[in-house]
Amino acid sequence: MIALWTSITGAAATLLGALLTFWIQRALGERAATRQRLERERRERLDAYSRFSGAAIHYRLSELTRWQLVSELPGSPEARTAIGTAHRCRAVLFEELSRMQILTDDPGLREIATDVVERIDAIHRAIDAEERRRRGIEAGERIERFVRHAASDLRPGDHGVIALPFRR
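Residue numbers (the working numbering): 1190 to 1357.
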C-alpha cells in the first residue's frame, strides 16, 4: 500500500512540476515577447522622431535660404530653385510628421510637432531681415523643444538638457 501511495505522490509531483515549469516558461516567453515588442516600438518612434527633426531642420534652412534669395534676387533662377527646394523639404516634413503622429500616443508631442511646422512655414513671410532672423530662431527653439519632449518619451525620467546649435 505504501508503494502505491509513493507512486501516486511521485506521479502527482511530476505532473505538478511539469505544469509549474510550463506556466513559468509561458510567462517568461510572454514577458520576452512583450519586451521585444516594446523595444521595437521604441526604435520605431526613435526613427520617426529623428527623421521628423531632421526634416524640420532641413525645411527651416530651406525657408531661410528661400527668403534670402527671393529678397535679394527676386524672380531669378536661384530664387525659383530655392522656392522649389523649400516646397520639396516641406513635403518631406509633412510625410515625416504623418509618420510620427501615427507612431506616438503623446498629444503634447503632436502639438509641438504641429507648432514646429507652423513656425517654419512663417519664415518666408517675414517682412524684413530682422523678422526673418527672429522667426528662424523661434522655429529653431520649437525644434529643440520637440527634441527634448521626444527624448523624454524615449527615456522616461530623463529630463537632461538638449541644446541644438541655433543662433540666439
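Note that the Cβ used here is the ideal one computed from N, Cα and C, for glycine as well. The structure displayed is predicted, hence computed values, not measured ones.
query	result
Please say whether A1275 and R1255 have beta carbons closer to each other than 7 Å?	yes
Suppose the cutoff is 6 Å on Cβ atoms and the five residues either side in sequence are ignored; what does the same chain contact list for I1191 look like?	none
Going straight from the alpha carbon of R1249 to that of W1212, what length do you get?	55 Å
When the Cα atoms are used, what is the spatial distance from Q1214 to D1310?	54 Å
Let me know the secondary structure DSSP gives G1264 once reduced to three states.	coil
Report the start-end ranges of each alpha helix (DSSP H) in the region 1193 to 1237 that is 4 residues or longer and not cut off at the edges.	none
For R1357, name the three-state secondary structure that DSSP assigns.	Any reading at R1357 needs caution, since the residue's pLDDT is 47, under 50, leaving its predicted position unreliable; the model's value is listed next. Here R1357 sits in coil by DSSP.
Quick one: using the 10 Å Cβ neighbour count with 16 as the cut-off for buried, is T1303 buried or exposed?	exposed
Spatial neighbours of L1262 within its chain, please: C-beta separation below 7 Å, excluding the five flanking residues on both sides.	A1268
Please list, in chain order, all residues of the same chain as R1231 whose beta carbon is under 7 Å from its beta carbon, the five residues on each side excluded.	L1343
Are L1204 and A1244 closer than 7 Å when you measure CB to CB?	no
Could you check if A1201 is buried or exposed, using at least 16 other CB atoms within 10 Å of its CB as the buried criterion?	exposed
Who are the Cβ neighbours of R1321 in its own chain at under 6 Å, not counting the five residues just before and after it?	W1256 and A1315
So T1303 is in the alpha helix (DSSP H); what residue range does that whole segment cover?	P1296 to D1310
With a cut-off of 8 Å on the beta carbons, I'd call V1306 and L1286 a contact; round off their distance for me.	6 Å
Measuring straight from C-alpha to C-alpha, what distance separates S1239 and A1222?	26 Å
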